[in-house]
Amino acid sequence: MFKRIKEDINSVFDRDPAARTSFEVLLNYPGLHAIWFHRLSHKLWKANWKLLARIFSTFSRWLTGIEIHPGATIGKRFFIDHGMGVVIGGTAEIGDDVTLYQGVTLGGTSWKAGKRHPTLEDNVVVGAGAQVLGPITIGKGGKVGSNSVVVKDVPENATAVGIPGRIVPDKKEKEENSKREQAAKEYGFDAYAVSPDNPDPVAKAIGRLIDHVHLMDNRVTDLCKEINAMGGDVCSKDLPELRVGEFVEDEKAAAERRKGIVESFDPEI
């Protein structure tokens, strides 16, 4: 038991630069107190002393501001920083070296019996105010951004942000997206609506078309170079610029008309 407590205290020093002494950590970190109370209540829960287990967990919530259901399974070196408002459901499973910040909820989305709460694998970090809901899995090394609402699985070493939570693209995906935006600008198209995480299906379709046109342009350029190298004379002229100015102006005019209609109903808007 004392070895485990020492391990918990050391984990605080690893992840909180504000920690100064072991005695200070022992007395002033409610996240540690909540975890220690949970270990006792969890043993009682497993021994079928469920009422007593709930009493201990309720006392822990009153003392620390952190609510951990005694049925939750928690691994080694779990750290709750600050902790106020953290809620962990009864079927939640937490691996080793996981970190939660204040206001995090590991909650359910259904009243049905069975697995209803998330599984956090080793080395997961969940930012302040994030809501991780349902029987989903956050893979090893995964991260959840502050105030995000995650309702789908997060792969290993990935980061989820936003409402609803979406996976932040990795370096390769960012490079591909940058190429798409560059191609869109070459054709005179504003790429604001062709982001790969845009929920608009029309914008996604346009993005795919731009990808296809960009690919075809590269292939045609390579063909032209080969033909010219053999003595031909093709592709000597640039393609005409594709203009979408008229479409943009029409959209602005339509927006002004809509604004005028709204103002006619209520002059104070």
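Residue 103 in the numbering used here sits at position 123 of the sequence shown, with consecutive numbering throughout.
For every residue, glycine included, the Cβ atom is placed at its ideal position computed from N, Cα and C.
### Through-space distance from residue 53 to residue 74, alpha-carbon basis
6 Å
#### Entry: Segments of 4+ residues assigned as alpha helix (DSSP H) that fall wholly inside the region 15 to 51
30 to 44
### Query
What residue range is occupied by the uninterrupted alpha helix (DSSP H) comprising residue -8?
Counting along the chain, the alpha helix (DSSP H) containing residue -8 begins and ends at -18 to -5.
### Message
On the criterion of 16 or more Cβ atoms from any shown chain inside 10 Å, does residue 207 qualify as buried, or is it exposed?
### Response
exposed
### Assigned secondary structure, residue 207 (DSSP; H/G/I helix, E/B strand, else coil)
helix
### Query
Helix, strand or coil: how does DSSP classify residue 201 here?
In the three-state reduction of the DSSP assignment, residue 201 falls in the helix class.
### Query
For residue 172, which residues from the same chain have a beta carbon less than 6 Å from its beta carbon, with the 5 sequence-adjacent residues on both sides left out?
Low confidence applies here, because residue 172 scores a pLDDT of 41, under 50, leaving its location unreliable and the question unanswered by this model.
### Task
Within 10 angstroms of the Cβ of residue 169, are there 16 or more other Cβ atoms? Answer buried if so, exposed if not.
Only weak support is given to the placement of residue 169: the predicted model assigns it a pLDDT of 46, under 50, and the value that follows is read from those uncertain coordinates. Answer is buried; the Cβ neighbour count reaches 16.
### Query
Is DSSP giving residue 5 helix, strand or coil here?
helix
### Query
How would you label residue 101, buried or exposed, when you count the other beta carbons within 10 angstroms and need 16 or more for buried?
buried
### Coil, strand or helix - residue 94 by DSSP
coil
### Message
How far does the beta strand (DSSP E) with residue 89 in it extend, from its first residue to its last?
### Response
Where residue 89 is concerned, there is no enclosing beta strand (DSSP E), given that its DSSP letter is neither H nor E.
### Cβ of residue 77 within 9 Å of any chain B Cβ
Going by chain labels, chain B is absent from the structure shown, which holds only one protein chain.
### Message
So if DSSP puts residue 59 in a beta bridge, which residue, or which two residues, is it bridged to?
### Response
79
### Task
Can you say whether residue 143 is buried or exposed, counting buried as having 16 or more other CB atoms within 10 angstroms of its CB?
exposed
### Query
Taking Cβ to Cβ, would you say residue 63 is nearer than 9 Å to residue 44?
yes
### Message
Using the three-state DSSP reduction, which class does residue 193 fall into: helix, strand or coil?
### Response
helix
### Query
residue 122 and residue 60: beta carbons closer than 9 Å?
Contact: no.
### Message
So for residue 188, helix, strand or coil by DSSP?
### Response
helix
### Task
Please state if the CB of residue 117 and the CB of residue 99 are separated by a distance shorter than 9 Å.
yes
### Task
Please list, in chain order, all residues of the same chain as residue -7 whose beta carbon is under 7 Å from its beta carbon, the five residues on each side excluded.
-1
### Query
Between residue 83 and the rest of its own chain, which residues show a CB-CB distance below 6 Å, the 5 nearest in sequence each way excluded?
65, 108 and 109
### Task
Check the DSSP bridge columns for residue 146 and list the partner residues they point to.
Secondary-structure assignment with DSSP links residue 146 through a beta bridge to 141.
### Query
Is residue -3 buried or exposed, if buried means 16 or more other CB atoms sit within 10 Å of its CB?
exposed
### Query
So, using beta-carbon positions, are residue 15 and residue 58 closer together than 9 Å?
yes
### Query
By how many angstroms is the C-alpha of residue 68 removed from the C-alpha of residue 88?
Just so you know, the alpha carbons of residue 88 and residue 68 end up roughly 10 Å apart.
### Task
Identify every residue that forms a DSSP beta bridge with residue 113.
DSSP lists 87 as the beta-bridge partner residues of residue 113.
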